[in-house]
Amino acid sequence: MTPYSIVVLASGSGSLLQSLIDSQEQDNYTIDLVITDRDCPAVERAQRANIATRVIHMGPNRNQWDTTLRTALDTTHPDLIVSAGFMRVLGAEIVSAFEGRLINIHPALLPKFPGAHAVRDALAAGVATTGTTVHFVDYGVDTGAIIAQKEVAILPSDDEGTLHERIKVLEQELLVEVVARFAAGKVKYQVLREHPGSSDHE
Ligand code: GRF
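In terms of UniProt numbering, the numbers along the sequence shown are unbroken and rise by one, the last being 202.
So this is what it looks like as structure tokens:
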């Protein structure tokens with residue numbers, strides 16, 4: 001049986017990618033490609049693990065970028081695409097092609113604090129707890145069906161950096177757990193709304 005194939009999308013330090021790399025064998029999946037939108041430490045982490053990498057820089061033409069990304073994904077035939085710190089919103093062309101096999105991890109308890117500054121927003125809101133969410137990617141921003149969440153207390157001494165690092169410790173565990181469940185065929189997906197081309201995904 002061919003191993004469960006994963007593509008990871010990243011833009012940053014790649015600590016979540018590293019957790020996925022380290023768990024490949026024990027959780028019966030292989031990361032066949034790492035795609036980034038910029039040169040970043042995540043690329044080096046993949047190269048050190050002998051995983052193929054592709055940097056797709058965002059040029060002046062967003063549609064061209066979407067098509068290049070879609071082509072890179074199509075040729076890999078992944079079972080699952082994991083956005084792990086990818087700082088680009090995936091366009092409708094990607095979502096329509098891979099919805100149900102496309103997940104993201106976000107450093108807040110969605111639907112609270114969506115968007116690019118979730119940790120900073122939770123701190124500013126003065127809430128007692130925040131956390132992380134793994135969800136399916138749909139046509140919105142951080143709006144897809146929630147798969148799993150983990151909570152963390154916000155400490156009086158926290159700043160954005162210390163809080164985010166504590167969240168990332170939870171994320172490294174949660175993302176591996178969720179991907180292992182996908183690889184074991186334990187996660188089902190159903191489109192929650194009607195839109196052109198929608199269908200129930202198993
Ligand atoms: C994670 O906190 C993720 O939730 C957010 O970006 C961070 C990625 O961290 N979207 P790293 O690049 O994997 O270290």
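All residues carry an ideal CB built from backbone N, CA and C; glycine is no exception.
This structure is a prediction, so every number in the text was calculated from the model and none was measured.
| Item | Value |
| --- | --- |
| Opening and closing residue of the alpha helix (DSSP H) in which Leu-80 lies | Counting along the chain, Leu-80 falls outside any alpha helix (DSSP H), though it belongs to the beta strand (DSSP E) covering 80 to 83. |
| Rounded separation between Ile-81 and Pro-156 - CA only | 36 Å |
| Inter-residue spacing [alpha-carbon to alpha-carbon] between Val-7 and Tyr-189 | 18 Å |
| Minimum length 4: unbroken alpha helix (DSSP H) runs contained in the segment 48 to 97 | 62 to 76 |
| Close Cβ partners of Phe-98 (< 7 Å) along its chain, the five nearest in sequence each way excluded | Leu-73 and Ile-81 |
| Lys-168 classed as buried or exposed, judged by whether at least 16 other C-beta atoms fall within 10 angstroms | buried |
| Cβ-heavy atom distance, Ile-167 to the ligand GRF, below 7 Å | yes |
| Enclosing alpha helix (DSSP H) for Asp-22 [first to last residue] | 15 to 22 |
| Check whether Ile-103 and Asp-66 have beta carbons under 8 Å apart | no |
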